[in-house]
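Protein chains: 2
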Amino acid sequence: MSSLEIRSVETRDARFPLEAGAGTDAVHSAPVYSFAVTLLRSGGQANGTGLALTLGAGNQLVCEAVRLLAEGLVGREIDELMADFGAVSRRMADHPQLRWLGPHKGVVHLALASITNACFDLWATSRGLPLWRLLLDLTPEQLVSLLDLRYLEDILTPEKAVALLRENAPGRADREYILRAGYPGYNTSVGWFSYEDQEVRERTREALGRGFRAFKLKVGSPNADRDVRRATLLRELAGPEAALMLDANQQWTLPRALRMCEALAPMEPYWIEEPTHPDDIEAHRQLARAIAPVRIALGEQVPNRVVFKNFMQAAAVHFVQADCTRLAGVSEFLTVSLLARVFGLPVAPHVGDMGQIHQHLVLFNHIALGHEVLFLEYIPHLRDHFIHPAIVEDGVYRTPFEPGCSSDLAW
Amino acid sequence: MSSLEIRSVETRDARFPLEAGAGTDAVHSAPVYSFAVTLLRSGGQANGTGLALTLGAGNQLVCEAVRLLAEGLVGREIDELMADFGAVSRRMADHPQLRWLGPHKGVVHLALASITNACFDLWATSRGLPLWRLLLDLTPEQLVSLLDLRYLEDILTPEKAVALLRENAPGRADREYILRAGYPGYNTSVGWFSYEDQEVRERTREALGRGFRAFKLKVGSPNADRDVRRATLLRELAGPEAALMLDANQQWTLPRALRMCEALAPMEPYWIEEPTHPDDIEAHRQLARAIAPVRIALGEQVPNRVVFKNFMQAAAVHFVQADCTRLAGVSEFLTVSLLARVFGLPVAPHVGDMGQIHQHLVLFNHIALGHEVLFLEYIPHLRDHFIHPAIVEDGVYRTPFEPGCSSDLAW
Chain P
1 MSSLEIRSVE
11 TRDARFPLEA
21 GAGTDAVHSA
31 PVYSFAVTLL
41 RSGGQANGTG
51 LALTLGAGNQ
61 LVCEAVRLLA
71 EGLVGREIDE
81 LMADFGAVSR
91 RMADHPQLRW
101 LGPHKGVVHL
111 ALASITNACF
121 DLWATSRGLP
131 LWRLLLDLTP
141 EQLVSLLDLR
151 YLEDILTPEK
161 AVALLRENAP
171 GRADREYILR
181 AGYPGYNTSV
191 GWFSYEDQEV
201 RERTREALGR
211 GFRAFKLKVG
221 SPNADRDVRR
231 ATLLRELAGP
241 EAALMLDANQ
251 QWTLPRALRM
261 CEALAPMEPY
271 WIEEPTHPDD
281 IEAHRQLARA
291 IAPVRIALGE
301 QVPNRVVFKN
311 FMQAAAVHFV
321 QADCTRLAGV
331 SEFLTVSLLA
341 RVFGLPVAPH
351 VGDMGQIHQH
361 LVLFNHIALG
371 HEVLFLEYIP
381 HLRDHFIHPA
391 IVEDGVYRTP
401 FEPGCSSDLA
411 W
Chain Z
1001 MSSLEIRSVE
1011 TRDARFPLEA
1021 GAGTDAVHSA
1031 PVYSFAVTLL
1041 RSGGQANGTG
1051 LALTLGAGNQ
1061 LVCEAVRLLA
1071 EGLVGREIDE
1081 LMADFGAVSR
1091 RMADHPQLRW
1101 LGPHKGVVHL
1111 ALASITNACF
1121 DLWATSRGLP
1131 LWRLLLDLTP
1141 EQLVSLLDLR
1151 YLEDILTPEK
1161 AVALLRENAP
1171 GRADREYILR
1181 AGYPGYNTSV
1191 GWFSYEDQEV
1201 RERTREALGR
1211 GFRAFKLKVG
1221 SPNADRDVRR
1231 ATLLRELAGP
1241 EAALMLDANQ
1251 QWTLPRALRM
1261 CEALAPMEPY
1271 WIEEPTHPDD
1281 IEAHRQLARA
1291 IAPVRIALGE
1301 QVPNRVVFKN
1311 FMQAAAVHFV
1321 QADCTRLAGV
1331 SEFLTVSLLA
1341 RVFGLPVAPH
1351 VGDMGQIHQH
1361 LVLFNHIALG
1371 HEVLFLEYIP
1381 HLRDHFIHPA
1391 IVEDGVYRTP
1401 FEPGCSSDLA
1411 W
């Protein structure tokens, strides 16, 4: 088993400039998609790659935090680590000095995401299994031992998590159809904030031709008319049956969000995303009541399971956009997915990993937890940088079969 | 006016090992009190020193974030900067790439704290005024222009903030008695977590002899009996009239917090501090209802005004422990103090600066905002490192008269 010992932890500060306008939204005007990468080297063929997304500046801070947090992993066997990963994760999250820099949020938590994702990748790679298969093969007890459920005692104890997995076991075989059908994608790259109408038009037509039936548009312009015009345009192009997601990226204050959601309701959005500040649970609660039946999606900047729990308790979110590159990796993503199941809420990940890891996780969520099949975000800008880029055909993610988390980058 | 131009931004990674046991609590077992220091050099005699506290490891991350965020300050005149500091602060907080690392929390927000505090120090130093005097001399409009009130529109608009300052103007002259009387302190250094009973006993007796009538004890032991024993000991030593603060430093889950608050109620705590995870607003709301009339203090790890607003809206906090080295510096501290006034809640700062800056801010809060006089935390371990250490005599902070924020360190 010595080949499964972690021999070294390295980091890479990987930055990928985008073509003009790509990735822009109302708040992030000049993104450089970047990964703070954790590389776990084992003695054998299997290695682990972990990703956390940033938008460029400061990516090196996350890399340095990875080095500080992951010190203790060298010399550990990956199987032993993953047998009790909930405790491993908690020890890193509660480092007696570094914890102060969060706690459980910001740079140190992004670093924990990268480290955790590298551990899962090494584990799956060493077993020769794609992540979704590895997770599906675990017993409920093994699955729950991966998770740090502290501070969720009022909603989700380990016993309750095990019970939830058991309750959903009977329908698993039926739900495995999704492995053959593929998981539907939605296209975020048609409607970036700085795209002119003509570009939205061309990209939407092209995406329709490639089988997409769900699209995201960035709103949150200081000019309300621009938002309405673009949303109207996209609705007309995509047709009445298409799902249309409108994303304000936190740009609105609560009073403005109330007005804008009203103005945009005639376009029948599938959801309104990040209408206001991601820490403002009470504002989202009030908004959710006011704009029903229009529904709210958020989560890409919700840092941890405790904040997600609060959003769910307040009925302030309808679509849980957990992201395993913002939360503490695959394991906290699974924790939030379990929480969402308790509250009867769907999970529609934000894909800081460009969908590479999340394509595995949505399969697990549907098959093992019984989460409904929605749409997985599709952002193609970095696909050439991955060794196994996600394959999206006819608007659906094809099930990945390569070992690991599909997160290996071509250096 | 060229002497008031900012010529350079430097940082210092200043770490101060503590004597055995000092600074320990249930979660932070081995702190090295550290400041990520921003140094603003002007052409003249006046310079600015800004502080953000960390517990050692990772302090360099905050320093590096300071360098990334503060780039645009070089060449700016300090008076011009402070004439519109709310907008200056918002621009840094919403840096289109670095914002992703928070937003408004964690390492980047600690960096903004350090930068902001340096700006206020340079401003006050350049005018030859102690911070409290400078702030008291501003018009309500000038004061409010220092603040970024975005995302508070439902509670506190700029107009309402100005009105609040005006409403409290009539009593100012009366409240200036506090400048002569001094602001009462409470002593945190009697009851660190790892101190043995004998040490608690000796330190409490010594503090009583120095005039203190308010004391903090660290609880949150895995052994409930230890917490009860130590609290009983401190109550007996300090007497029935003393104020006794019990601080769990987030160690309890909600179910345990409910039990422990009941067990500790007979010691009549003045407050219970940080009973559980600082992101768990709903847990604190439930706890506050269950343990009344025992009251809850928190804030040292509440990252920004939006989260504080949510705590206040939920009636989940009774004592607002804002900290200008965790929030985005002096200005966001003032914002939270205004919010607290709207909700009728007292502000009792956590002193990541060891009370050096906060001794100014509590004077302003009482005189200008009409906040009641409570206790200001006193932690003496770093006093020899400051050029103008706070002077605490007969249990009260003596009003500082040196120009600036009293944050200059002796290098």
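Respectively, the protein sequence lines represent chains P and Z.
Numbering-wise, the first sequence is residues 1 to 411 according to my numbering.
Numbering-wise, the second sequence is residues 1001 to 1411 according to my numbering.
Don't be surprised by glycine CBs; every beta carbon is placed ideally from N, CA and C.
Members of the segment 1256–1277 of chain Z that neighbour chain C once the beta carbon cut-off is set at 9 Å: Absent from the structure: chain C. Protein chains present are P and Z.
CB contact below 8 Å: P:Asp227 versus chain Z: Here the question's residue 227 of chain P lines up with position 227 in the first sequence. Interface residue (Cβ-Cβ distance to chain Z less than 8 Å): P:Asp227 is not classified as such.
P:Phe161 versus P:Glu167: straight-line alpha-carbon distance, rounded: Taking the first sequence and counting its residues from 1, one reaches residue 161 of chain P at position 161. Taking the first sequence and counting its residues from 1, one reaches residue 167 of chain P at position 167. One point to set straight first is that residue 161 of chain P is Ala, not Phe, in the sequence displayed. Computed Cα separation, rounded: 10 Å.
Comparing C-alpha positions only, which one of P:His318, P:Ala316, P:Leu246 and P:Glu262 sits nearest to P:Ala26? On the first sequence, position 26 is the one that residue 26 of chain P refers to. Per the Cα distances, P:Leu246.
Got a sec: is the Cβ-Cβ distance from P:Val37 to anything in chain Z below 8 Å? The residue given as residue 37 of chain P occupies position 37 in the first sequence. Output row for P:Val37: interface = no.
What are the boundary residues of the beta strand (DSSP E) that includes Z:Lys1160? By 1-based counting over the second sequence, the position of residue 1160 of chain Z is 160. No beta strand (DSSP E) contains Z:Lys1160, which is instead part of the alpha helix (DSSP H) from Pro1158 to Glu1167.
Using the C-alpha atoms, what's the distance from P:Asp148 back to P:Thr416? One cannot answer for residue 416 of chain P here, as it falls past the ends of chain P, which runs 1 to 411.
Whole angstroms are fine: how far does the CA of Z:Ser1145 sit from the CA of Z:Leu1122? As a first step, residue 1122 of chain Z is located in the second sequence; it is residue number 122 there, counting from the start. As a first step, residue 1145 of chain Z is located in the second sequence; it is residue number 145 there, counting from the start. Z:Leu1122 and Z:Ser1145 have their C-alpha atoms roughly 18 Å apart.
State the DSSP-derived secondary structure class of Z:Leu962, mapped to helix, strand or coil. Limits of chain Z in this structure are 1001 at one end and 1411 at the other, which puts residue 962 of chain Z out of reach.
Neighbouring residues, chain Z, relative to P:Ile281 (Cβ below 8 Å): As a first step, residue 281 of chain P is located in the first sequence; it is residue number 281 there, counting from the start. In chain order: Ile1281 and Asn1310.
Would you identify the three-state DSSP class for Z:Ser1002, choosing helix, strand or coil? If you number the second sequence from 1, residue 1002 of chain Z lands on position 2. The predicted model places Z:Ser1002 with a pLDDT of 46, which falls under 50 and marks its position as unreliable, so this point remains unresolved.
Short CB-CB distance (under 8 Å) between Z:His1385 and chain P: Here residue 1385 of chain Z corresponds to residue number 385 of the second sequence, with the count starting at 1. So, not an interface residue.
Run through chain P and tell me which residues come within less than 8 Å of Z:Gln1359, C-beta to C-beta. The count along the second sequence starts at 1 and reaches residue 1359 of chain Z at position 359. Per Cβ cutoff of 8 Å: no residues; Z:Gln1359 is ~23 Å from chain P at best.
Under 7 Å by beta carbon: chain Z residues contacting P:Asn304: Taking the first residue of the first sequence as 1, we reach residue 304 of chain P at position 304. Under the 7 Å cutoff, chain Z gives Asp1279.
Under the DSSP definition of a beta bridge, which residues are partnered with P:Asp148? The count along the first sequence starts at 1 and reaches residue 148 of chain P at position 148. Paired residue(s): none; P:Asp148 is not in a bridge.
Kindly confirm or deny that the segment 102–118 of chain P and the segment 13–33 of chain P touch, where touching means at least three C-beta pairs closer than 8 Å. The segment 102–118 of chain P vs the segment 13–33 of chain P: no contact.
Is there a Cβ of chain Z sitting closer than 8 Å to that of P:Trp123, yes or no? Within the first sequence, residue 123 of chain P is the residue found at index 123, counting from 1. No, P:Trp123 lies away from the interface with chain Z (no Cβ there is under 8 Å from its Cβ).
Just tell me which of Z:Pro1278, Z:Ala1283 and Z:Leu1334 has its CA closest to the CA of Z:Val1307. For the purposes of this step, residue 1307 of chain Z is taken as residue 307 along the second sequence, with counting starting at 1. Ranking the options by Cα distance to Z:Val1307, first place goes to Z:Pro1278.
Quick one: Cα of Z:Ala1314 to Cα of Z:Ala1288, how far? Start at 1 with the first residue of the second sequence, and residue 1314 of chain Z comes out as number 314. Start at 1 with the first residue of the second sequence, and residue 1288 of chain Z comes out as number 288. Each residue's Cα considered, the two are about 10 Å apart.
Can you tell me which of the three DSSP states Z:Asp1013 falls into? In the second sequence, residue 1013 of chain Z corresponds to position 13, counting from 1. Reduced to three states, the DSSP call for Z:Asp1013 is strand.
How many Å lie between P:His371 and P:His350 at the Cα? Here residue 371 of chain P corresponds to residue number 371 of the first sequence, with the count starting at 1. Here residue 350 of chain P corresponds to residue number 350 of the first sequence, with the count starting at 1. In a straight line, the C-alpha of P:His371 is about 16 Å away from that of P:His350.
Taking Cβ-Cβ distances shorter than 8 Å, what residues in chain P pair up with Z:Ala1030? Sequence index remark: in the second sequence, residue 1030 of chain Z carries index 30 (1-based). Residues of chain P passing the Cβ test: Pro96 and Gln97.
Whole-number beta carbon distance between Z:His1360 and Z:Trp1100, since they are thought to touch under 8 Å: By 1-based counting over the second sequence, the position of residue 1100 of chain Z is 100. By 1-based counting over the second sequence, the position of residue 1360 of chain Z is 360. Going by Cβ atoms, the distance from Z:Trp1100 to Z:His1360 rounds to 33 Å, so no, they are not a contact pair.
Just grab the DSSP bridge partners of P:Phe319 for me. In the first sequence, the residue the question calls residue 319 of chain P occupies position 319. BP columns for P:Phe319 point to P:Ala297.
Rounding to the nearest angstrom, what Cα-Cα distance links Z:Val1302 and Z:Glu1332 in this structure? Within the second sequence, numbered from 1, the residue matching residue 1302 of chain Z stands at position 302. Within the second sequence, numbered from 1, the residue matching residue 1332 of chain Z stands at position 332. So the alpha carbons of these two residues sit roughly 12 Å apart.
Taking the DSSP output, what are the residues bridged to Z:Pro1184? Here residue 1184 of chain Z is taken as the residue at index 184 of the second sequence, counted from 1. Beta bridge pairing from DSSP links Z:Pro1184 with Z:Val1396.
Same chain only: Cβ atoms within 6 Å of Z:Asn1310, ignoring 5 sequence neighbours per side: For this step, residue 1310 of chain Z is matched to residue 310 along the second sequence. Closer than 6 Å at Cβ, skipping near neighbours: Ile1281.
In the DSSP assignment, the alpha helix (DSSP H) including P:Ile78 goes from what residue to what residue? Translated into positions along the first sequence, residue 78 of chain P becomes position 78. From DSSP, the alpha helix (DSSP H) with P:Ile78 extends over Ile78 to Ala83.
Nearest-angstrom Cβ-Cβ length linking P:Ser189 and P:Arg203, presumed shorter than 8 Å: The residue labelled residue 189 of chain P in the question sits at position 189 within the first sequence. The residue labelled residue 203 of chain P in the question sits at position 203 within the first sequence. The beta carbons of P:Ser189 and P:Arg203 sit about 7 Å from each other, so the pair counts as a contact at 8 Å.
Can you list the residues of chain Z that P:Thr54 reaches, using a CB-CB cut of under 8 Å? The residue given as residue 54 of chain P occupies position 54 in the first sequence. Within chain Z, the residues near P:Thr54 are Gln1097, Trp1100 and Leu1101.
Mark Z:Ser1337 as exposed unless 16 or more other C-beta atoms lie within 10 angstroms of its C-beta, in which case mark it buried. Counting from 1 along the second sequence, the entry for residue 1337 of chain Z is found at position 337. By the 10 Å Cβ count, Z:Ser1337 comes out buried.
For P:Leu110, go through chain Z and note every residue whose CB falls closer than 8 Å to its CB, in chain order. Here residue 110 of chain P corresponds to residue number 110 of the first sequence, with the count starting at 1. Within chain Z, the residues near P:Leu110 are Leu1101.
What separation, rounded to the nearest whole angstrom, lies between the Cα atoms of Z:Leu1264 and P:Arg91? Start at 1 with the first residue of the second sequence, and residue 1264 of chain Z comes out as number 264. Start at 1 with the first residue of the first sequence, and residue 91 of chain P comes out as number 91. Roughly 28 Å between the two C-alpha positions.
What ranges does the alpha helix (DSSP H) occupy inside the segment 1188–1263 of chain Z, keeping only unbroken runs of at least 4 residues that lie completely in it? 1197–1209 and 1224–1238
Does Z:Thr1038 come out as helix, strand or coil in the three-state DSSP assignment? Start at 1 with the first residue of the second sequence, and residue 1038 of chain Z comes out as number 38. Strand at Z:Thr1038.
Kindly indicate which three-state DSSP category P:Ile178 falls into: helix, strand or coil? Start at 1 with the first residue of the first sequence, and residue 178 of chain P comes out as number 178. Reduced to three states, the DSSP call for P:Ile178 is helix.
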